[in-house]
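Mapping of the sequence shown onto the UniProt record's numbering: residues 1 to 348, in sequence order.
We put the CB at the ideal spot given by N, CA and C, even for glycine.
Here is the structure we will look at, set down as structure tokens.
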Amino acid sequence: MPLEELLERLETLANRSLILWDVPDGATARLINVSENATYLVEAGDFRSVLRVHRENYHSERAIECELAWSDALNAEAGITTPGVYVGRNGKRIQQGSVPGLPAPRYMVMFHFVEGAQPDESQDLVGHFEKLGEIAARTHNHSVSWQRPVNFERLVWEEEAVFGRNPTWGDWRDGPEVDGPTREVLEEVEALVRQRLAAFGKGPDRFGLIHADMRLANLLLSPEGPRLIDFDDCGMGWFLYDFASAISFMEDHPAVPDLKTAWVRGYRRHRPLSAAEEREIDTFIMLRRMALLAWIGSHIEAPEPQALAPGFARVTAELGADYLRRVGEGQPVNSNCGPVKSVLRKSL
């Protein structure tokens, strides 16, 4: 279905579904973002809320319940303010609805509106990243100690989710402009990332429940500091992946080294991070960057991926070539693949 037609039907669904909650008369839903889900601002006089209409076949109802359970627990037990959720008239927080023309019903959740401004790359983000590092450490501490609900179900952000036979966001090789030298470099990057992740391991001090999408679009700046929103991609993964997700789509920005230093400094105020772990952050940056390349390719019908697509693969390969030189030149990938080849930027 063409995107424009789909969005028309989703907007109809959003507005017709407002009766499922006790919202003021005359409330309307206006689209504010399309990514995995369609997100709407609901307004009526002074009332505001945020309605999330879930993407088809991305999360089960149980997975959404588990997301909301962790968000609640972080708010109640870890002192991390997360968006509240409105209960529907039927007593449930997850609603379901459909309209003619949609292939299947959609899950929906209505969140409390959170005040704050979304940051962007043009700002000085160092101070905010230091506080974000603190938030990340506290979420990870809670992740380690939290007793998860029975039948806990969330995505798993491990190497197979990015590089496996059925990757969550598709194959990076199907991304736009992935050809020739670009693909050759990224094949080597995948091999080295796989090797280093295997060596890094998935011990409970390194791998657990994470937010997995702490990018600028999911932060709101307020006088009290950054607020973390949208736990839709939370799942099991490496804790250091949360920094990589925080610099999504801006991995080549000149401020990234300073942002990493600030994030690590904030993180260490609440949770240990060894020098060896800090050095491995670059591996998680490449893992995330290649996942984003796949995401652009599999979501190319939406405006944001279309805007990001030009040059994204080329810059990913440039970052990858630099990663191979700094981290992996001359190191063996594994017993089957042999040594990593030296890759020169001029080949790009």
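Count the other CB atoms, across all protein chains shown, that sit within 10 Å of the CB of residue i; report buried if there are 16 or more and exposed otherwise.
i: His112; result: exposed
i: Ile32; result: exposed
i: Leu344; result: At Leu344, the pLDDT of 36 sits below 50, so the modelled position is not reliable; the number obtained from the coordinates is stated separately. Per the 10 Å Cβ criterion, exposed.
i: Asp179; result: exposed
i: Val333; result: Residue placement at Val333 is poorly supported in this model, since its pLDDT is 35, which falls under 50; the coordinates still yield a value, given next. Flag for Val333 reads buried.
i: Ser342; result: Any answer about Ser342 is weak, because its pLDDT of 40 lies below 50 and its placement is not dependable; what the coordinates show is given next. That one is exposed.
i: Glu301; result: exposed
i: His54; result: buried
i: Pro83; result: buried
i: Pro272; result: exposed
i: Glu280; result: buried
i: Pro310; result: exposed
i: Ser71; result: buried
i: Arg215; result: buried
i: His253; result: exposed
i: Gly330; result: Here Gly330 scores only 44 on pLDDT, less than 50, and its place in the model should not be relied on; the value that follows carries that caveat. That one is exposed.
Figure out for me which residue from the options has the closest Cα to the Cα of residue i.
i: residue 387; options: Asn33, Leu293, Leu221 and Asn15; result: Limits of the chain in this structure are 1 at one end and 348 at the other, which puts residue 387 out of reach.
i: Ile296; options: Val85, Pro204, Ile32 and Ser248; result: Ser248
i: Asp22; options: Glu224, Pro254, Val144 and Gly91; result: Gly91
i: Cys66; options: His128, Ser143, Glu36 and Leu3; result: Ser143
i: Ala78; options: Leu51, Glu251, Ser145 and Leu18; result: Ser145
i: Ala199; options: Val85, Arg165, Gly180 and Trp238; result: Trp238
i: Gly127; options: Val256, Glu301, Leu240 and Val327; result: Val256
i: Tyr86; options: Ala73, Asp46, Leu20 and Asp242; result: Leu20
i: Gly328; options: Trp70, Arg194, Met250 and Phe312; result: Arg194
i: Arg48; options: His59, Asp25 and Tyr58; result: Asp25
i: Ala312; options: Ala276, Gly175 and Ser222; result: Here residue 312 turns out to be Phe, not Ala, going by the sequence shown. That would be Gly175, whose Cα lies nearest to the Cα of Phe312.
i: Phe207; options: Arg268, Asp258 and Ala137; result: Ala137
i: Glu277; options: Leu18, Asp205, Glu8 and Asn141; result: Asp205
i: Cys234; options: Glu11, Ser274 and Leu68; result: Leu68
i: Ala172; options: Pro254, Leu287 and Asp252; result: Looking at the sequence itself, residue 172 is Trp, so the reference to Ala does not match. Considering only alpha carbons, the answer is Leu287.
i: Gly88; options: Leu18, Pro303 and Leu259; result: Leu18
i: Leu102; options: Arg165, His59 and Arg9; result: Arg9
i: Asn141; options: Phe163, Gln123 and Leu74; result: Leu74
Could you check whether residue j and residue i sit closer than 9 Å to each other, using their CB atoms as the reference points?
i: Glu177; j: Arg314; result: yes
i: Ala38; j: Ala27; result: no
i: Ala191; j: Gln118; result: no
i: Val114; j: Leu220; result: yes
i: Pro105; j: Gly116; result: no
i: Ile94; j: Glu56; result: no
i: Lys202; j: Glu160; result: no
i: Gly225; j: Phe129; result: no
i: Met110; j: Val42; result: yes
i: Met108; j: Arg52; result: yes
i: Ala321; j: Phe284; result: no
i: Val99; j: Leu6; result: no
i: Thr11; j: Tyr40; result: Here residue 11 turns out to be Glu, not Thr, going by the sequence shown. Contact flag set, yes.
Since residue i sits in a beta bridge, which residues does DSSP pair it with?
i: Pro226; result: Leu221
i: Asn33; result: Thr39
i: His253; result: Looking at the DSSP assignment, His253 forms no beta bridge with any residue, so it has no partner.
i: Gly97; result: Arg106
i: Ser49; result: Val42 and His112
i: Thr28; result: Glu43
i: Met236; result: Val156 and Leu209
i: Val85; result: Phe111
i: Ala117; result: Leu221
Compute the beta-carbon to beta-carbon distance between residue i and residue j, rounded to the nearest angstrom, for a pair I have assumed lies under 8 Å.
i: Ala63; j: Glu153; result: 5 Å
i: Thr168; j: Leu155; result: 6 Å
i: Leu209; j: Met236; result: 6 Å
i: Ala246; j: Leu132; result: 6 Å
i: Asp232; j: Glu4; result: Actually they do not touch by this definition, with Cβ atoms about 23 Å apart.
i: Glu134; j: His270; result: 6 Å
i: Leu186; j: Thr316; result: 7 Å
i: Tyr323; j: Asp282; result: 6 Å
Beta carbon of residue i: closer than 8 Å to some heavy atom of the ligand MN?
i: Thr182; result: The ligand MN is not part of the structure shown, which contains no ligands of any sort.
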